[in-house]
Structure formats: C-alpha cells, structure tokens
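Worksheet: the structure to be examined is printed underneath.
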Amino acid sequence: MPGTSFTTAINQDNYLYLQLLDTVKNIHKYHLINEGIGNKLVDYMEARGIMANVLFEYADQYYSRKTTENLVALLAS
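FYI, my numbering numbers position 47 of the sequence shown as 807, with every residue one higher than the one before it.
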C-alpha cells in the first residue's frame, strides 16, 4: 500500500481492513466529510463484514493516531 509505513503480510483476513484504513488515513483528500460519509462507512463495513473493534485494532497497531481520530470522527458523524 503506497504511503503506508508498516510491514505486515496482507492476506484475505486483513486486506479489507487495511484498505479501508488507507482511505480513512487520507480522508481529507476526498472532501467527503459533509456528504453523509459516516453512514456510508457503516453501510460499507456491514456489507463486507468489517467489525469496528478489529478495525480499531489494526488502526492502533499500524496507523497513526490521526487515522484513528479520523475513524472515530467518521463513525460518530
């Protein structure tokens, strides 16, 4: 994943989580904050079986605090 500063094996179990976190990491580039993105994020997660607790574990382990803060803000919106 370009721009990501960690080393981990990407596999069937984690790729959706890491892909979503890469998007959340750079969410400011997409100008989506005011477009109901929080609801869309929840819908996306539910449709793909992404569990919030696992997502936060990956965020804490591999991403910056800012990414976790972005995730919290999106899920709270």
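In this text, a Cβ means the ideal position worked out from N, Cα and C, and glycines have one as well.
To the nearest angstrom, how far is it from the Cα of residue i to the Cα of residue j?
i	j	result
Tyr818	Asp782	11 angstroms
Tyr777	Leu831	12 angstroms
Leu815	Glu795	22 angstroms
Thr768	Asp820	14 angstroms
Going by other Cβ atoms of all chains shown within 10 Å of its Cβ, with 16 needed for buried, is residue i buried or exposed?
i	result
Ile770	exposed
Tyr823	buried
Thr827	buried
Taking the alpha carbon of residue i as the point to measure from, which residue in the options has its own alpha carbon closest?
i	options	result
Ile797	Val784, Leu815, Glu829 and Thr767	Val784
Tyr775	Lys800, Met805 and His788	Met805
Leu834	Gln772, Gln821, Asn786 and Thr767	Asn786
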